[in-house]
Structure formats: structure tokens, C-alpha cells
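Enquirer: There's a structure below that I have some questions on.
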Amino acid sequence: MKQNFFNRTQNHFLKTNALAIALLAAAGGISALTFATNFGDEEKNEVVIKFTEAPAAVQAALSKLTDASTVTKVIKETDEGITIYEIEFTKAGLKSSADISAAGDVMEIETTVATTTLPAAAMAALKKEYPNATLGDCSLVQKTYFEMDMIIDGKKREVKFDAAGNIEDESDKSDAGDKDGNDKKQ
């Protein structure tokens with residue numbers, strides 16, 4: 002009788018564990034599928050549009066950077082309810098792009114540059130850090146953001162954010178150091 006009870010208990014245990022393992026595997030598969038689906042969401046929120054379909058504020062902002070005839074592509078990107086227009090264009094023969102908010106704020110300008118135009122110190126540092134690297138395309142990126150000093154929960158903070166309202170960074174300013182964490186007292 003004890004043998005029979007033991008076998009039934011063992012079989013029940015094995016079936017329960019098999020069911021638990023199957024459920025975990027299914028949950029893992031669903032999680033992986035969800036991750037893979039969400040991972041591509043950024044691209045799903047990007048739509049190529051005509052420049053004339055961009056808001057007037059975006060068109061006006063670009064007109065301060067270049068002529069509309071140089072536009073090669075306009076991508077309308079919406080992420081977490083914030084819409085940004087990435088406009089690709091050529092200027093002086095160089096590939097460029099500008100990220101402009103729906104309100105017409107220029108958030109970032111990226112321009113392809115020749116490696117020969119890089120500062121000597123920058124090239125030396127790159128060659129030292131990556132001696133066996135093959136150089137590829139190089140871009141000058143000019144990003145517009147704001148810094149605001151705030152007191153949050155009694156602590157001085159410096160908050161960096163862009164024109165679309167994306168908060169980039171929050172650093173503690175309660176120490177006597179500067180933004181780089183260096184002590185100002187020498």
C-alpha cells in the first residue's frame with residue numbers, strides 16, 4: 002500500500018512539475034514575443050510623409066536652415082505621444098538631417114563631415130582608443146536642450162530637457178562641485 006501511495010504521489014508531483022514547466026515555457030515565449038513586438042514599435046511609429054504635409058511651424062523652422070528644394074525625405078515619428086519630424090536634406094553637398102518638434106523647435110541638426118575636418122586632438126584620441134579601427138562616416142551633431150535649476154525634495158537639481166519635453170538628465174547640485182562633479186574649491 003505504501004508503494005502505491007508513493008507512486009501516486011510521485012506521479013502527481015511529476016505531472017505538477019511538468020505542468021509548471023510548460024506554463025513557465027509558455028510565459029517565457031509570450032514574454033519573448035511581447036519583447037520582440039515592442040522592440041520594433043519604434044519603427045512602427047515612423048511614417049514617411051511629403052514635406053508639404055509637415056506642419057507650417059516645421060516648414061518655417063526648416064526654411065531657416067535650408068531651402069525646401071534640398072529636402073530628400075521627411076519622417077514623422079511619434080513616441081509616447083510626442084511627434085518629431087526628422088527631415089533629411091543636402092546642404093553644400095553634404096547629407097544633413099534636422100529633428101524638429103511639431104511646434105517648430107529645432108532639436109537636433111546632424112551634418113556629415115569629412116574626417117579631415119575633425120580637430121587634431123579628437124582624431125588623435127580616436128586613433129589611440131581604437132588603433133585597428135577602419136573609419137566610416139562621421140557626423141557633426143548639434144543637439145538643442147535646456148538646463149533648469151530646480152529644488153526637488155529639498156535638494157538642488159539641474160534638469161536637462163529638450164523642446165518636446167523629453168527629460169534628458171537630472172543631476173544633483175547639492176554638492177559644492179560643478180556639473181562634472183569636480184569640486185569648485187581649489
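In this text, residue positions in the sequence shown follow our numbering: the first is 2, and each later residue adds one.
C-beta: ideal position from N, C-alpha, C; glycine also.
(1) Nearest to M149 by CA position, among N133, M124, V160, is which residue?
(2) Does the Cβ-Cβ distance between L63 and I101 come in under 8 Å?
(3) Can you tell me which of the three DSSP states D173 falls into?
(4) Would you call the region 65-75 and the region 89-97 touching, i.e. three or more CB-CB distances under 8 Å?
(5) To the nearest angstrom, report how far apart E78 and I153 are at their CA atoms.
(6) Would the beta-carbon of I88 fall within 8 Å of that of A99?
(7) In whole angstroms, what separates the C-alpha of K128 from that of T113?
(8) Going by alpha carbons, who is nearest to N167 out of M108, P56, N133, G155?
(9) Less than 6 Å between C-beta atoms, sequence neighbours within five positions excluded: which residues of the same chain meet that for A122?
(10) Who are the Cβ neighbours of D170 in its own chain at under 6 Å, not counting the five residues just before and after it?
(11) Have a look at V72, T84, E47 and flag the residue whose alpha-carbon is nearest the alpha-carbon of P56.
(12) For I50, collect the residues of the same chain with a Cβ closer than 7 Å to its Cβ; drop the 5 residues on either side in sequence, then sort them by chain order.
(13) Which residues bound the alpha helix (DSSP H) around L141?
(14) Roughly how many whole angstroms lie between the Cα atoms of A165 and A126?
(15) I need the straight-line Cα distance from D106 to V59, nearest angstrom please.
Expert: Working from what's here:
(1) Numbered from 1 along the sequence shown, position 148 holds the residue referred to as residue 149. Comparing Cα-Cα distances from M149 to each of N133, M124, V160, the minimum goes to V160.
(2) Indexing the sequence shown from 1 puts residue 63 at position 62. Indexing the sequence shown from 1 puts residue 101 at position 100. For L63 and I101, yes; Cβs fall inside 8 Å.
(3) The count along the sequence shown starts at 1 and reaches residue 173 at position 172. Of the three classes helix, strand and coil, the one that applies to D173 here is strand, per DSSP.
(4) yes
(5) By one-based count along the sequence shown, residue 78 stands at place 77. By one-based count along the sequence shown, residue 153 stands at place 152. Straight-line Cα distance between these residues: approximately 32 Å.
(6) What you label residue 88 is simply residue 87 of the sequence shown in a count that begins at 1. What you label residue 99 is simply residue 98 of the sequence shown in a count that begins at 1. Yes; because the gap between Cβ atoms is below 8 Å, this pair is in contact.
(7) For the purposes of this step, residue 128 is identified with residue 127 of the sequence shown, where counting begins at 1. For the purposes of this step, residue 113 is identified with residue 112 of the sequence shown, where counting begins at 1. Approximately 20 Å, taken between the alpha carbons.
(8) Mapped onto the sequence shown, residue 167 falls at position 166. For N167, the nearest C-alpha among the options comes from M108.
(9) Walking along the sequence shown from the start, residue 122 turns up at place 121. Excluding positions up to five away in sequence, the list is empty.
(10) Residue mapping note: residue 170 aligns to position 169 of the sequence shown, counting from 1. Contacts found: K161.
(11) Locating residue 56 in the sequence shown gives position 55, where the first residue counts as 1. With distances taken between Cα atoms, P56 lies closest to T84.
(12) The residue labelled residue 50 in the question sits at position 49 within the sequence shown. Same-chain partners within the cutoff: V75, K77.
(13) Locating residue 141 in the sequence shown gives position 140, where the first residue counts as 1. Run containing L141: none in the alpha helix (DSSP H); it sits in the beta strand (DSSP E), 139-144.
(14) Translated into positions along the sequence shown, residue 165 becomes position 164. Translated into positions along the sequence shown, residue 126 becomes position 125. Going by the C-alpha atoms only, they are around 34 Å apart.
(15) In the sequence shown, residue 106 corresponds to position 105, counting from 1. In the sequence shown, residue 59 corresponds to position 58, counting from 1. So the two alpha carbons sit approximately 8 Å from each other.
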